[in-house]
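J.: 68 is the number of the first residue of the sequence shown in my numbering; add one for each residue after it. All C-beta atoms, glycine included, are put in the ideal place defined by N, C-alpha and C.
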Amino acid sequence: MQQIKRDRITKLVLLPLFPQFSISTTGSSIRVLQRIFMDDAYLLRLPVSIIRFWYRRQSYIRSIADSIVIQLSKFEKPEEVLIFFSAHGVPVSYDENAGDPYKDQIEECIYLIMRELKARYQVSFRTRVSAFTWNNNDNLSMLALQSRVGPVQWLKPYTNEVLVELGRKGVKSLLAVPIRSMARNFE
68 MQQIKRDRIT KLVLLPLFPQ FSISTTGSSI RVLQRIFMDD AYLLRLPVSI
118 IRFWYRRQSY IRSIADSIVI QLSKFEKPEE VLIFFSAHGV PVSYDENAGD
168 PYKDQIEECI YLIMRELKAR YQVSFRTRVS AFTWNNNDNL SMLALQSRVG
218 PVQWLKPYTN EVLVELGRKG VKSLLAVPIR SMARNFE
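1) Just the C-alpha distance for K185 and N227, rounded to the nearest angstrom, thanks.
2) Does the Cβ of G237 have 16 or more other Cβ atoms within 10 Å, making it buried, or fewer, making it exposed?
3) Take H155 as the anchor and find which of A211, D171 and I118 has the nearest alpha-carbon.
4) Excluding the five sequence neighbours on either side, which residues of its own chain have a C-beta within less than 8 angstroms of the C-beta of T77, listed in chain order?
5) Which stretch, first to last residue, makes up the beta strand (DSSP E) that contains V219?
6) State the start and end residues of the unbroken alpha helix (DSSP H) segment that holds Q138.
7) If you check the beta carbons only, do L242 and I150 fall under 9 angstroms apart?
8) For I177, is the classification buried or exposed, using 16 other Cβ atoms within 10 angstroms of its Cβ as the cut-off for buried?
9) Pull up the distance between the alpha-carbon of V231 and that of A165, whole angstroms please.
10) CB K144 to CB S240, shorter than 9 angstroms?
11) When the Cα atoms are used, what is the spatial distance from I135 to K141?
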């Protein structure tokens, strides 16, 4: 905060590294900053714009789709690869009692990514991934949630349980796509 004052910043834009909003991440960071700003006359006068979420931005959707296409091309049979989206979970109470939009935003994000992939497949990737069988159910993709802690109930399905079930069902090829923090990589 001292650097903001030294540099005489006149407007501040806060961009979290989380594309989707959750009260447990972006929300808690905003609350901490609000407390800091309330105790400082200079910061209190500073105009602040907060980008609460940005998962709908076309550039973000395209970049995830680009990475998926690159990774799928490394598989011998990309048409048999399950696209396995993974995100950090949150307690059920955040979703049901606190109105946290995170779950809905994660699901919409996956829908947008799959829609982008479908559009590419139909237009420019027909020869490379011709055996993809897109349908209205998006059954080439799924979401599971990870990082549960404590005794509370967390949103499901849980990543560890889903992976075991996929193995039982005979899934041989899987591409894990984390869609939570920009600091994550494909696995």
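T.: Short version:
1) Looking up residue 185 in the sequence shown gives position 118. Looking up residue 227 in the sequence shown gives position 160. Computed Cα separation, rounded: 28 angstroms.
2) The sequence position of residue 237 within the sequence shown is 170, counting from 1. G237 is classed as exposed because its beta carbon has fewer than 16 other beta carbons within 10 Å across all chains shown.
3) Position 88 of the sequence shown, counting from 1, holds the residue named residue 155. Among A211, D171 and I118, the Cα nearest to that of H155 belongs to A211.
4) By one-based count along the sequence shown, residue 77 stands at place 10. Excluding sequence neighbours, T77 sits near L113 and P114.
5) Taking the first residue of the sequence shown as position 1, residue 219 is located at position 152. Where V219 is concerned, there is no enclosing beta strand (DSSP E), given that its DSSP letter is neither H nor E.
6) Position 71 of the sequence shown holds residue 138. Run containing Q138: Q125 to L139, per the alpha helix (DSSP H) assignment.
7) Residue numbering aside, residue 242 sits at position 175 when the sequence shown is read from its first letter. Residue numbering aside, residue 150 sits at position 83 when the sequence shown is read from its first letter. In this structure, I150 lies closer than 9 angstroms to L242 by Cβ.
8) Taking the sequence shown and counting its residues from 1, one reaches residue 177 at position 110. That one is buried.
9) For the purposes of this step, residue 231 is taken as residue 164 along the sequence shown, with counting starting at 1. For the purposes of this step, residue 165 is taken as residue 98 along the sequence shown, with counting starting at 1. Here the alpha carbons of A165 and V231 stand approximately 31 angstroms from one another.
10) Position 77 of the sequence shown, counted from the first residue, corresponds to residue 144. Position 173 of the sequence shown, counted from the first residue, corresponds to residue 240. Result yes, Cβ atoms of K144 and S240 sit closer than 9 angstroms.
11) For the purposes of this step, residue 135 is taken as the residue at position 68 of the sequence shown. For the purposes of this step, residue 141 is taken as the residue at position 74 of the sequence shown. Cα to Cα, the separation comes out at about 10 angstroms.
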